[in-house]
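Visitor: Protein sequence lines, in the order shown, are assigned to chains A and B. Under the numbering used here, the first residue of the first sequence is numbered 1403, with each subsequent residue one higher. Under the numbering used here, the first residue of the second sequence is numbered 1403, with each subsequent residue one higher. Positions of the beta carbon are idealized from the N, C-alpha and C atoms, including for glycine.
Protein chains: 2
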Amino acid sequence: MKLKEWGEFGIIDYLKNFFPSRGKRVVLGIEDDCAVVRGPRGFFYLLTCDSQVENVHFILSLFSPFSLGRRVLAVNLSDIAAMGGKPLFALLSWVLRPDMEAEWLKEFMRGIKEEAEAHGVDIIGGNLSRTDSQIVFDLTLVGEVENNLPLLLRSNARPGDLVLVTGTLGDSRAGLEIALRGSEEEKEKYSFLLERFFTPAPRLQVGRLLHSLGETIATIDVSDGFSQDLGHITKESGVGAVIEVDKLPISPSLREWSGEKGEDPFLFALAGGEDFELIFTVSRERGEEVKEFIERENGVPVTIVGEVVSQGGVSLRRGGREEKIISGWDHFH
Amino acid sequence: MKLKEWGEFGIIDYLKNFFPSRGKRVVLGIEDDCAVVRGPRGFFYLLTCDSQVENVHFILSLFSPFSLGRRVLAVNLSDIAAMGGKPLFALLSWVLRPDMEAEWLKEFMRGIKEEAEAHGVDIIGGNLSRTDSQIVFDLTLVGEVENNLPLLLRSNARPGDLVLVTGTLGDSRAGLEIALRGSEEEKEKYSFLLERFFTPAPRLQVGRLLHSLGETIATIDVSDGFSQDLGHITKESGVGAVIEVDKLPISPSLREWSGEKGEDPFLFALAGGEDFELIFTVSRERGEEVKEFIERENGVPVTIVGEVVSQGGVSLRRGGREEKIISGWDHFH
């Protein structure tokens, strides 16, 4: 069997079982957006790592080094957001080609620094290696979260809960299409979609607000695509979810662009990925109240898009019909 | 300017200045074998990350997946050893080709697990990405060290201190030569040198013992090569060091192999790299006593190889002549 047949999530399941966490300082091992370990008095530390590989996660010619630097950090910040944490410090591991320009790397660092300072992150370590082929940026990020309130876990969803999502979905994938194949006119007209792809804004404050509620809330950030990421919540919680596709939040820009292209914007919303919005579940009684609390305190719109049921993975309901679709991004398929 | 002209250590110096560490939980940023942050009561956490890139750090065909797995973790453990820490948990970030065999990855994981269990390390997180070219293993390791005793820092060396080193030097590089170009007969005869290359043994207990002394001790592990790694101590401490080359510890196997090959074993000892021994400095009065303490408690031989002087980088004294040579491994040269 090849890795591409085993699949990314098959390998991750194997890893989880192969490396059970047991140490006295470990609260949570391989099973959520971040690992959780004991921290200074009153706090847990959250740890997450993520690689960005050239021509897999990014195409070098599409990005200014500055915007790529910002993005590499932002993608990791989103995992801390999904655990309700405050980011603290990062270690950067870079695998670079010796014939790259020093000026390029300086601009890349400036991007990292701008994003780091915007979120109070210290860069405390790093590692440089050489490659002759695809460059890689790997980043380990550590955050903290108060240990006197429940963790925001993928396994927290219960039948009857509502499913909510912040912001709008599918913009980033449309932005990538425009960056790759759009005309100059299109790029100007749809600068919002481009911005959503190039400069993701991790929902850190939303995560903090959700954690502060002290409720049993499941969260995940949208990186591989809404339906696939929601699937991690249903799997870890041992439940199902029914999503009303027509309720998924679509931005006016995505609606207009997909109209012009004859595309279905809801497919972008379901499977696009890299939106870095937060999906979360909360009890039915508190749903409206939590939605309004987040909207008032943070300003981002929040949409109720479905509900948690007792079993059955992620089901999509559209115009009365129900379909079961899980699709998104698997790195080995 | 290209990165290869800027050089690995030029880039690292730039990074240090560009990302000064300021947060209240940060004790030490980019300047030593590990970063240091506040941990649970009575402890600091040590954080280090390190990448291993195919055809740069390892040649896939030379290694069994099991021995490569062990080695990837061991190399990182050595950085925790150099700070006197106890390793706790690791995050694995792997960039793999989809056409690799699942069986290969399972064996690799088994190697990681064996090394992890031998040292009480929990694997708490990971990340999988795809590549079409060179595979990369990046690992972030977290350890702890008691916060009521001085840290073992590169900047701790003072003029008059003695320079000591554990074990023997140069074996690993000779082992690599034999693995690459040796006959079957040579491989059998020099299995000790091969073992030193394939299965490095991080000096964790030595680091713990040095830290427990509560003295001002500078330490570093030998990864790039003795003279270059000692150069990090002299630079960070603002001092020099004079090394008696003839005193460098050479194993009987390296002496015999280099005699057969007409090679100078001391060049292997000075510049070979990947020995993962510990270099440390300690006050002249305590030198003999500390050497005997480590030898008695741990069993590894310790050799006094020189002394710290007020300035001048690393100087080598051999047969009465003094030379200044810093050579070793720069990833971008």
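(1) Between the stretch 1446-1474 of chain B and chain A, which residues of the former have a C-beta closer than 9 angstroms to a C-beta of the latter?
(2) R1688/B and E1617/B: beta carbons closer than 9 angstroms?
(3) Name the chain A residues whose beta carbon is nearer than 8 angstroms to that of R1427/B?
(4) Would you check if there are 3 or more beta carbon pairs closer than 8 angstroms linking the stretch 1658-1672 of chain A to the stretch 1508-1522 of chain A?
(5) Starting from L1582/B and walking both ways along the alpha helix (DSSP H), at which residues does that stretch end?
(6) If you measure between the beta carbons of V1547/B and K1488/B, is that distance less than 9 angstroms?
(7) Please report the distance separating the alpha-carbon of S1593/B from that of G1627/B.
(8) If we ignore side chains and look at the alpha-carbon of each, how far apart do G1431/B and I1526/A end up?
(9) Using a beta-carbon distance below 9 angstroms, is E1638/B in contact with chain A?
(10) So which residues on chain B does V1704/A lean against when the C-beta distance must stay under 9 angstroms?
(11) Check whether the stretch 1599-1617 of chain B touches the stretch 1550-1561 of chain B, counting contact only when three or more Cβ pairs, one atom from each stretch, lie closer than 8 angstroms.
(12) So what does DSSP say about I1728/B, is it helix, strand or coil?
(13) Am I right that E1709/A and V1608/A are in contact with their C-beta atoms under 8 angstroms? What's the rounded C-beta distance?
(14) So, does the CB of F1678/A fall closer than 9 angstroms to a CB anywhere in chain B?
(15) What are the uninterrupted segments assigned as alpha helix (DSSP H) that are 4 or more residues long and contained completely in the stretch 1604-1688 of chain B, given in chain order?
(16) Could you check whether F1539/A and S1372/A sit closer than 9 angstroms to each other, using their CB atoms as the reference points?
(17) Alpha carbon to alpha carbon, how far is F1695/B from V1684/A? Give it in angstroms, no decimals.
(18) List the residues of chain A whose Cβ lies closer than 9 angstroms to the Cβ of T1621/B, in chain order.
(19) Below 8 angstroms on the Cβ atoms is my guess for L1571/A versus P1654/A; work out the distance and round it to an integer in Å.
(20) Could you tell me the alpha carbon to alpha carbon distance between S1625/A and L1530/B, rounded to whole angstroms?
(21) Please name the residue, chosen from V1477/B, M1403/B and A1673/B, that lies closest to P1604/B on a Cα-to-Cα basis.
(22) Pick helix, strand or coil for K1775/A, following the three-state DSSP scheme.
(23) In the DSSP assignment, what are the bridge partners of E1548/B?
(24) Which of helix, strand or coil does DSSP assign to I1696/A?
(25) Quick check: V1439/B and F1446/A, are their CB atoms within less than 9 angstroms of each other?
(26) Considering Cα atoms alone, identify which of S1629/B, S1712/B and G1664/B is closest to G1642/B.
(27) Of the choices E1456/B, M1403/B and I1413/B, whose alpha-carbon is the least far from that of W1496/B?
(28) Bridge partners for C1451/A per DSSP, in chain order?
(29) Would you call the stretch 1493-1507 of chain B and the stretch 1498-1513 of chain A in contact, with 3 or more CB pairs under 8 angstroms?
(30) In terms of residue numbering, what span does the alpha helix (DSSP H) encompassing S1469/A cover?
(31) How would you label A1484/B, buried or exposed, when you count the other beta carbons within 10 angstroms and need 16 or more for buried?
(32) By Cβ distance below 7 angstroms, which residues in the same chain neighbour H1521/A in space, the five residues on each side in sequence not counted?
(33) Pick helix, strand or coil for A1559/B, following the three-state DSSP scheme.
Guide: With the given structure in hand:
(1) Y1447, L1449, T1450, C1451, D1452, S1453, Q1454, V1455, E1456, N1457, V1458 and H1459
(2) yes
(3) P1442, L1490, F1491 and E1546
(4) no
(5) D1573 to R1583
(6) yes
(7) 21 angstroms
(8) 4 angstroms
(9) no
(10) Under the 9 angstroms cutoff, chain B gives no residues; its nearest Cβ is about 29 angstroms from V1704/A.
(11) yes
(12) Confidence is the limiting factor: at I1728/B the pLDDT is only 47, short of 50, which leaves the residue's position unreliable and the question unanswerable from this model.
(13) Not quite, the Cβ-Cβ distance comes to about 20 angstroms (not below 8 angstroms), so this is no contact.
(14) no
(15) 1606-1614, 1628-1639, 1654-1663 and 1667-1673
(16) Outside the shown range of chain A, which is 1403 to 1735, sits residue 1372/A, and nothing can be said about it.
(17) 59 angstroms
(18) Those within 9 angstroms of T1621/B in chain A number zero; the least Cβ separation is about 17 angstroms.
(19) No, L1571/A and P1654/A are not in contact; Cβ-Cβ is about 13 angstroms, not under 8 angstroms.
(20) 14 angstroms
(21) V1477/B
(22) Residue 1775/A cannot be examined here, being either before or after the span of chain A that is shown, 1403 to 1735.
(23) F1445/B
(24) helix
(25) no
(26) S1712/B
(27) E1456/B
(28) T1542/A
(29) no
(30) P1467 to A1483
(31) buried
(32) L1479, P1489 and L1606
(33) coil
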